[in-house]
Amino acid sequence: MAGGWNWMSFKVPSNPNHSVILQITNSKGAEKSKIARLLHRAFSVFLFNTENKLLLQQRSSAKITFPDCFTNTCCSHPLSHPLELEENNAIGVRRAAQRRLKAELGIPMEQVTPEEIQYLTRIHYKAKSDGIWGEHEIDYILFVQKDVTLNPDPNEIQSHCYVTQKELKQLLDKASRDEVKITPWFKLIAETFLFKWWDNLHNLNKFIDHEKIHRM
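Under this note's numbering, read the sequence shown as residues 3 to 218, first letter to last.
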């Protein structure tokens, strides 16, 4: 989920109730790769249409981490900005998600408001992308169900599609045979929680857990 390093907000919890903000200005090469492996905040958006299909994207070849991989609708990080650092019910993260849905997929901001984005829970995972880059994240899981207008940025996304549960399972099978690539966080979420949540899109409140961080 790498992005512009001069603005990214890294929130590094020492325990679930305490955290530190690291401000990144300018870093080069190996320094940036070390920063990427520090534990930091991220979010993963899962957007479903009114036919209960999940919007997937294939990451651009230009992405620093996990290029060409299929993944969930949108994945990124909050900015180091007061509006995106506000913690009450993860409203800052939900504002960041609204911003990135616009930046990556061209979804007009008025079509998906922060109030329409449901914060379910958090996961903690670590994954290598190559010999230099990787991710180490506390990832906020965000759900939206709405029909939206799409105008993807080709610098961010090389393809996108809506899939059924059956189609996603077929994609995961292909990934297990190395026929396609998927991001590690999406694989972990799909193999543990996603289909259970998907079966309950109209009753997600029972899965809300803002206290626990699921260690993956």
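Glycine included, each C-beta is placed from N, C-alpha and C at the ideal position.
7 Å Cβ cutoff met for residue i and residue j
{"i": "I125", "j": "H42", "result": "no"}
{"i": "P154", "j": "L107", "result": "yes"}
{"i": "F188", "j": "W199", "result": "no"}
{"i": "L103", "j": "V95", "result": "no"}
{"i": "M218", "j": "L196", "result": "no"}
{"i": "L58", "j": "V146", "result": "no"}
{"i": "D70", "j": "K214", "result": "no"}
{"i": "T123", "j": "D180", "result": "no"}
{"i": "S62", "j": "Q160", "result": "yes"}
{"i": "D201", "j": "T52", "result": "no"}
Residue i burial status per 10 Å Cβ neighbour count (16 or more: buried)
{"i": "P156", "result": "exposed"}
{"i": "N74", "result": "buried"}
{"i": "E118", "result": "exposed"}
{"i": "T185", "result": "buried"}
{"i": "R101", "result": "buried"}
{"i": "E33", "result": "Summary for E33: the model assigns pLDDT 44, below 50, so the residue's position carries little reliability; its value from the coordinates is reported in the next sentence. Its Cβ having fewer than 16 others within 10 Å, E33 is exposed."}
{"i": "P80", "result": "buried"}
{"i": "E89", "result": "exposed"}
{"i": "L40", "result": "exposed"}
{"i": "T287", "result": "Only positions 3 to 218 of the chain appear in this structure, which leaves residue 287 out of reach."}
Which of helix, strand or coil DSSP assigns to residue i
{"i": "R101", "result": "helix"}
{"i": "I23", "result": "In this prediction, I23 has a pLDDT of 38, which is less than 50 and means its spatial position is unreliable; what the coordinates show is noted afterwards. Strand at I23."}
{"i": "E89", "result": "coil"}
{"i": "A44", "result": "strand"}
{"i": "L107", "result": "helix"}
{"i": "D70", "result": "coil"}
{"i": "E139", "result": "strand"}
{"i": "L81", "result": "strand"}
{"i": "L206", "result": "helix"}
Cβ separation of residue i and residue j, assumed to be a contact under 8 Å, to the nearest whole Å
{"i": "Q60", "j": "F50", "result": "Contact flag wrong, Cβ pair sits at about 18 Å."}
{"i": "A92", "j": "Y127", "result": "With 8 Å as the limit, A92 and Y127 do not qualify as a contact, their Cβ atoms being about 18 Å apart."}
{"i": "E139", "j": "A64", "result": "About 21 Å separates the two Cβ atoms, so there is no contact after all."}
{"i": "V47", "j": "L174", "result": "At roughly 19 Å, the Cβ-Cβ gap does not stay under 8 Å, so V47 and L174 are not in contact."}
{"i": "S82", "j": "A98", "result": "S82 to A98, Cβ: 11 Å. No contact."}
{"i": "L203", "j": "N54", "result": "6 Å"}
{"i": "L170", "j": "L56", "result": "7 Å"}
Could I get the ranges of all uninterrupted alpha helix (DSSP H) runs contained in the region 120 to 200, with 4 residues as the minimum, in chain order?
-> You should have 167 to 178, 186 to 191 and 197 to 200.
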